[in-house]
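Note sheet for the following structure.
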Amino acid sequence: MRVLLFTGKGGVGKSTVAAGTAALAAAAGHRTLVLSTDAAHSLSDAFDATVGSEPTEVADHLFVQQVDAQLRFEQSWAEIQGYLLAVLDVAGVDPIAAEELTVIPGAEEVLALLELRLQARSGRWDVIVVDCAPTAETLRLLAMPEALGWYMKRVLPLERRVVKTLKPVLSRAAGIPMPEDTVFDAVERLHSELDEVRALLSGPEASVRLVLTPENVVLAEARRSYTTLSLYGYRVDGVVANRVFPAEGADDWRAGWVMSQDAVLEQVDQSFAGLPVWRSVYRPAEPVGVQALAALAAEVYGESDPLAVPTGAGPFRVERTERGAVLHLALPNVSRADVDLARNGDELVVSVGSYRRLLTLPAVLAKYRTAGARVEQGELQVRFEEKVT
Ligand SMILES: Nc1ncnc2c1ncn2[C@@H]1O[C@H](COP(=O)(O)OP(=O)(O)O)[C@@H](O)[C@H]1O
Ligand SMILES: [Mg+2]
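Be aware that the sequence shown starts at 78, since it is given in the numbering used here, and climbs by one per residue.
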């Protein structure tokens, strides 16, 4: 099953290109689902169809779904939220305010991704296309399961034990309700489900495509997401430059745009060297409906197969050397000075700007000391060597 994610700044054409790619896949006979996790749902507008929170058929082999994140939220968080509400109640917070406090920012999008897991497990689909939220949210949410994993491994077992021991004493003394085992179970279940989503998204049959328009501000953001997505181990396999003005028969105003877009497009090619950069012209009208969307996508991908599984090294690989090993991590568009590294036991903390990844090292690396690092050809290479005794 092929999983394709589309992300990019708001308004650049994510939904349009995602919907078009799905329409093209369905036309080729693949059982296709396109689902949107962006709270600003626009798939129903793109398809000009009524689309619900369950997969809705809009053409042969083509289903569309706009995830009702609020509903998922209520289902998954009921238990955890119940506990938090009880605690806040004891603390004297009024119930209405407490209700708001228990809503975690970004939680909706995360839970929308859980729907991806369900659909992937259903066996109903050959292709799932995900129309993601704009870049910043997507990146934050994609890192969640891994970050949570750290918490789950270190903190939760401890808390569970502490709570077990202290519960009888504390509940009586302070009147503070202690979480029941069911709360811990709910947290653990949620975590393992998110972990599955992460495995699915960073697996060999999944890839991310960046949608942009040829404007400097948009390009700058797309470059940053390319770096950050790579940092978190997601494979970017293409860029779609959308709303490119046609040069033919341009008046002065349009000729100006063509020139400035050309300059940015040249930078796009440089920024994503090695990746296909597909182009989509600015159409005279909004591409709406299955036919128009499929036509747009057919033009975008041209001769190339939109569903081709990416080949090549992948974002993460370990190479054995005489004295130890080298860890290769795809990290495009950065220099060594942008990257901070810290080693903590079997963990390697890689930071780029405000984004941080906690890499749990595979056993083959964990036994070595970190001997040095460099950035070369869009890759971070960390050298591991035998400990000197
Ligand atoms: N190549 C294009 N030519 C003309 N209009 C486009 C093109 N791509 C997108 N649009 C229109 O631009 C608007 C924003 O596109 P949309 O796909 O909803 O963006 P996003 O999902 O990134 O917010 C929509 O009205 C869409 O129909
Ligand atoms: Mg959209």
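Glycine included, every Cβ here is placed at the ideal spot set by N, Cα and C.
beta-carbon residue i near ligand 2 non-hydrogen atom, thresh 8 Å
| i | result |
| --- | --- |
| residue 299 | no |
| residue 117 | yes |
| residue 125 | no |
| residue 302 | no |
| residue 113 | yes |
| residue 423 | no |
| residue 346 | no |
Integer Cβ distance of residue i from residue j, believed to fall under 8 Å
| i | j | result |
| --- | --- | --- |
| residue 467 | residue 114 | Because the chain here runs from 78 to 466, residue 467 falls outside it and cannot be looked at. |
| residue 136 | residue 367 | 5 Å |
| residue 316 | residue 287 | 5 Å |
| residue 94 | residue 377 | 7 Å |
| residue 357 | residue 319 | 5 Å |
| residue 371 | residue 106 | Going by Cβ atoms, the distance from residue 371 to residue 106 rounds to 13 Å, so no, they are not a contact pair. |
| residue 314 | residue 373 | Not really, about 19 Å apart at Cβ, beyond 8 Å. |
| residue 395 | residue 436 | Going by Cβ atoms, the distance from residue 395 to residue 436 rounds to 11 Å, so no, they are not a contact pair. |
| residue 335 | residue 322 | 5 Å |
| residue 306 | residue 285 | 6 Å |
| residue 207 | residue 81 | 7 Å |
| residue 277 | residue 192 | In fact, because the Cβ distance is near 12 Å, the residues do not count as touching under 8 Å. |
| residue 142 | residue 101 | Not confirmed; about 18 Å, so no contact. |
| residue 413 | residue 452 | 5 Å |
| residue 401 | residue 445 | 5 Å |
| residue 312 | residue 361 | Not confirmed; about 35 Å, so no contact. |
| residue 462 | residue 448 | 4 Å |
| residue 417 | residue 431 | Their Cβ separation, rounded to whole angstroms, is 11 Å, which puts residue 417 and residue 431 out of contact at 8 Å. |
| residue 403 | residue 331 | About 50 Å; that fails the 8 Å criterion. |
| residue 194 | residue 273 | 5 Å |
| residue 201 | residue 108 | 6 Å |
Any non-hydrogen atom of ligand 1 closer than 8 Å to residue i Cβ
| i | result |
| --- | --- |
| residue 90 | yes |
| residue 359 | yes |
| residue 319 | yes |
| residue 323 | no |
| residue 288 | yes |
| residue 30 | As displayed, the chain neither begins before 78 nor continues past 466, which places residue 30 out of reach and without an answer. |
| residue 94 | yes |
| residue 365 | yes |
| residue 129 | no |
| residue 315 | no |
| residue 455 | no |
| residue 208 | yes |
| residue 379 | no |
| residue 373 | yes |
| residue 86 | yes |
| residue 203 | no |
| residue 328 | no |
| residue 339 | no |
| residue 122 | yes |
Which residues DSSP lists as bridging residue i, in chain order
| i | result |
| --- | --- |
| residue 433 | 428 |
| residue 111 | 141 and 206 |
| residue 81 | 206 and 284 |
| residue 187 | In the DSSP output, where bridge partners are listed per residue, residue 187 has none listed. |
| residue 136 | 139 |
| residue 462 | 401 and 446 |
| residue 59 | Residue numbering for the chain in the displayed model covers 78 to 466; residue 59 lies beyond these limits and cannot be assessed. |
Alpha helix (DSSP H) segments (min. 4 residues) lying fully within the stretch 260 to 341:
293 to 308
Considering only residues of the stretch 374 to 458, which uninterrupted beta strand (DSSP E) runs meet the minimum length of 3 residues and lie entirely inside it, listed in chain order? 393 to 397, 401 to 407, 416 to 421, 424 to 429, 432 to 437 and 446 to 453
On the three-pair Cβ rule with 8 Å, is the stretch 388 to 400 touching the stretch 107 to 127?
no
ask   = Should the stretch 330 to 349 be called in touch with the stretch 286 to 302, which here means at least 3 C-beta pairs below 8 Å?
value = yes
**Prompt:** Quick one: any contact between the stretch 353 to 372 and the stretch 420 to 428, if contact means 3 or more CB pairs under 8 Å?
**Reply:** no
- Query: Are at least three pairs of beta-carbons, each pair with one atom in the stretch 398 to 416 and one in the stretch 378 to 386, less than 8 Å apart?
  - Reply: no
* Asked: Taking three-plus beta-carbon pairs below 8 Å as touching, is the stretch 129 to 148 in contact with the stretch 397 to 407?
  -> no
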